[in-house]
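*Asks:*
There are 2 protein chains.
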Amino acid sequence: MKKHNFSAGPSILPQSVLHKAAEGVVDYNQSGLSLIEISHRSAAFVDIMASARNLSLELLGLQDKGYQALFLQGGASMQFIMAAYNLLENKAGYLNTGTWSNNAIKEAKNFGTILELASSKEANFNHIPKNYAIPEGLDYVHVTSNNTIYGTQLHDFPTASPLVCDMSSDIFSRALDFSKFDLIYAGAQKNMGPAGTTLVIVKEEVLGKVSRNIPSMMNYKVHIDKESMFNTPPVFAVYVSLLTMQWLIDLGGIQAIEKENQRKAQLIYDTIDQSELYIGFAAKEDRSAMNATFTLAAGADAETFGQMVKDAGINGLNGHRVVGGYRASMYNALPYESVLVLAEVMNEFNRKG
Amino acid sequence: MKKHNFSAGPSILPQSVLHKAAEGVVDYNQSGLSLIEISHRSAAFVDIMASARNLSLELLGLQDKGYQALFLQGGASMQFIMAAYNLLENKAGYLNTGTWSNNAIKEAKNFGTILELASSKEANFNHIPKNYAIPEGLDYVHVTSNNTIYGTQLHDFPTASPLVCDMSSDIFSRALDFSKFDLIYAGAQKNMGPAGTTLVIVKEEVLGKVSRNIPSMMNYKVHIDKESMFNTPPVFAVYVSLLTMQWLIDLGGIQAIEKENQRKAQLIYDTIDQSELYIGFAAKEDRSAMNATFTLAAGADAETFGQMVKDAGINGLNGHRVVGGYRASMYNALPYESVLVLAEVMNEFNRKG
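Residue numbers (our numbering), protein chains in the order written: chain A, 2 to 354; chain B, 2 to 354.
1) Check each residue of the segment 38-63 of chain A: if its Cβ is closer than 7 Å to any Cβ of chain B, include it; give the result in chain order.
2) Over the uninterrupted alpha helix (DSSP H) stretch that includes B/TYR186, give me the two end residues.
3) Assuming A/PHE72 and A/PRO234 are in contact, meaning their beta carbons sit under 8 Å apart, how far apart are those beta carbons, in whole angstroms?
4) Starting from A/MET2, find everything on chain B with Cβ-Cβ shorter than 8 Å and list it in chain order.
5) Just list the residues that DSSP pairs A/GLY75 with in beta bridges.
6) Under 7 Å Cβ to Cβ from A/LYS122, same chain only, skipping five residues before and after it: list those, please.
7) DSSP on A/SER339, reduced to helix/strand/coil?
8) Can you grab the Cα-Cα spacing for the pair B/VAL323 / B/PHE282, in whole Å?
9) May I ask you to verify whether the segment 294-313 of chain B touches the segment 156-176 of chain B, counting CB pairs closer than 8 Å and requiring at least 3?
10) Output needed in chain order: residues of the segment 10-26 of chain A with a Cβ under 8 Å from some Cβ in chain B.
11) Give the DSSP-derived three-state secondary structure of B/ASP167 in the structure shown.
12) For A/ALA196, go through chain B and note every residue whose CB falls closer than 8 Å to its CB, in chain order.
13) Please report the straight-line C-alpha distance between B/PHE81 and A/MET83, rounded to a whole angstrom.
14) Since I believe B/ARG328 is in contact with B/ALA9 (beta carbons under 8 Å), could you give me their beta-carbon distance rounded to a whole number of angstroms?
15) Please state the DSSP three-state secondary structure of A/THR369.
16) Give the straight-line distance between the Cα atoms of B/GLY326 and B/ASN262, rounded to the nearest whole angstrom.
17) Could you tell me the alpha carbon to alpha carbon distance between B/ILE115 and B/MET246, rounded to whole angstroms?
18) Please name the residues in the segment 296-323 of chain B whose beta-carbon is closer than 7 Å to at least one beta-carbon of chain A, in chain order.
19) Confirm, please, whether the CB-CB distance from B/TRP101 to B/THR145 is below 7 Å.
20) From what residue to what residue does the alpha helix (DSSP H) around A/ASN262 run?
21) Classify A/LYS285 as buried or exposed, calling it buried when 16 or more other Cβ atoms lie within 10 Å of its own Cβ.
22) Of all the options B/ARG175, B/GLU137, B/LEU335 and B/ILE215, which has the alpha carbon lying nearest to the alpha carbon of B/PRO163?
23) How far does the alpha helix (DSSP H) with B/PHE46 in it reach, from first residue to last?
24) How many whole angstroms separate the CB atoms of B/GLY99 and B/PHE126, which I take to be in contact at a CB cut-off of 8 Å?
25) With a 10 Å radius around its C-beta and 16 neighbouring C-beta atoms as the bar for buried, classify A/GLN256 as buried or exposed.
26) Enumerated in chain order, which unbroken segments of the alpha helix (DSSP H) with a length of 4 residues or greater are wholly contained in the segment 168-250 of chain A?
27) Does DSSP put A/GLU349 in a helix, a strand or coil?
28) Nearest chain B C-beta to A/PRO216 closer than 7 Å, yes or no?
29) Using the three-state DSSP reduction, which class does B/PHE306 fall into: helix, strand or coil?
30) Quick check on B/GLU108 - is its C-beta less than 7 Å from some C-beta in chain A?
31) Out of curiosity, what's the CA-to-CA distance linking A/ALA238 and A/LEU36?
32) Taking C-beta to C-beta, are A/ASN214 and B/ASN111 nearer than 7 Å?
33) Would A/ASN147 count as contacting chain B if we go by Cβ distances under 7 Å?
34) Would you kindly work out how many angstroms separate the C-alpha atoms of A/VAL342 and B/GLY253, rounded to a whole number?
35) State the start and end residues of the unbroken beta strand (DSSP E) segment that holds B/GLY281.
36) Taking 7 Å as the threshold (C-beta atoms), are B/VAL203 and B/LEU184 in contact?
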């Protein structure tokens, strides 16, 4: 049966990418060797890394604007540390919009003073705080653009410089003026590739301003100087990320995928709003186009709904334990058709209920 | 043409592993979903991680002896930092046997005082220093078991506690009393799997003794408490490492592969020693069974040799720039047959020369 993969991450990748990646694991470009058993200094992989770095900047419209792209290891959790290691001298401001922001704050506190600019914690992070003050003199301001667990998304970004953003769960999904950001990082496993690599986009001029010694692996400058090959990179994850970015370019880039993502989100939110059986979790104005969170109204038969979801081949719809209910993650590679299947199941359940 | 892959790393993996890995990338266990697009919290991946952790301890004979196995990201270079973060309070002793030891020393200096116990740097690391003193009161002693670049290998380990060892390039290749070590780490990309994950084996009792705050991603205890899933692990790299460990178990484990590795090493070193055309780089008593380094005698026709090597389908034989010449890396997955092909080329060149 055809599967509809709503997994929150690691999450769906384009079928063409999966097939090409599998080919490369057995025999890369008819070389007679697997991509994962050749030197990362080989011409083949050096080209993959250079292409991936270039393409990420191209997709974001950041070529020739003083930015560097890196493919590192350790996920966003490692970037919580690296951002602070490289940029935090005294005090930074963090917007707290959920579990991951909270973790970013916790880790940064190892390196300096952290000011929580605003938080929606008291409302279980069901909205994005607004109209908060940003004091002068901060080393940087940190935000999380999309909150997978809660299904909220920043539609406006604070005016601050340097501005640091964890875009793990909505990178490459919508057009923004990315030149407003000085540091962007994103674990690959939502919109970009498999788990195991993290895209870091950094404006070089913000580096080199802290007084501490930075160990090499933590130091963005070291990775930039070594063209993202300071040590052996996660070859497979970078390759699959490159394939996924090429797939996105072929589709028409971020502008094209954003339209498709809006169509998908519209369908699911309309389905939620048209029935009293479904209760959206996130505040309407802060809804995420990536992750739609909802619960069933009291008294609804969750068991039947769960069975219908399963029978339709829908995978990964369970909500995170801190919110409960359901979460439809609709990353770039999820076809509109899959959202249609989910909407039909929801409408059918509504008719029955 | 059949390739013979002598790459120093990332390096050869068993063909059966590559094919099974490629299958998993398209459709994992007939689930209709790729392994790289499902949640790391899924039953499928939780089982992979648990099996990989157990199997690594089983292979090393360290089950039920107070050790924990972790599959982390960042390579040995990240472990240079993490080892020091977790164990270095005041002063540690490092044996300097090459570029990677040297890098380990450099990074650890960010966290405390490092005593170089001994070094063979003056001899371009062509041997392993011996008969050096280890003073009392060190937080730990750090050694590198195999030096890929130079082709040297520790055949005896210092008596010290805690003993930390970078086994990146010879893990799972030979039988040792692994319980002598308190911390072992190894980037996967030589004997264990693809680049992108690092095996860490740590004796729990050595942790928790430093006074500094340790950021979560740097903290072995955090990773142990979360069963190596503190954040999204590098799913594919862990899976391929598991497949490779299962392949090794099926072959008879470390004892069996050690015999095969000795056979391969014997053949290549005999070929070097039987001709005046080849000059072994490493001191005989310190020769590595993993990486055999040699140069051609003055006046030998390197171009012809290079062409003969190429014509035979031999890949990755160039030596590292700091040593020059040639390096035959003979990791676990390299068949004896490939070494035979190389030895025949070397003998043929010798007859011609």
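Glycine included, every Cβ here is placed at the ideal spot set by N, Cα and C. Please read these numbers as outputs of a predicted model, since none were measured by experiment.
*Replies:* The short version:
1) GLU38, ILE39, SER40 and HIS41
2) Counting along the chain, B/TYR186 falls outside any alpha helix (DSSP H), though it belongs to the beta strand (DSSP E) covering 184-188.
3) 6 Å
4) GLY33
5) For A/GLY75, which the question treats as bridged, DSSP gives no partner whatsoever.
6) ASN97
7) helix
8) 12 Å
9) no
10) GLY10, PRO11, SER12, ILE13, LEU14, LEU19, HIS20, ALA22, ALA23, GLU24 and VAL26
11) strand
12) ILE37, HIS41, THR233, PRO234, PRO235, VAL236 and PHE237
13) 16 Å
14) 6 Å
15) Given a span of 2 to 354 for chain A in the structure shown, any question on residue 369 of chain A remains unanswerable.
16) 22 Å
17) 35 Å
18) ASN316 and GLY317
19) yes
20) 254-274
21) exposed
22) B/GLU137
23) 44-61
24) 4 Å
25) exposed
26) 221-226
27) helix
28) yes
29) helix
30) yes
31) 11 Å
32) yes
33) no
34) 49 Å
35) 279-281
36) yes
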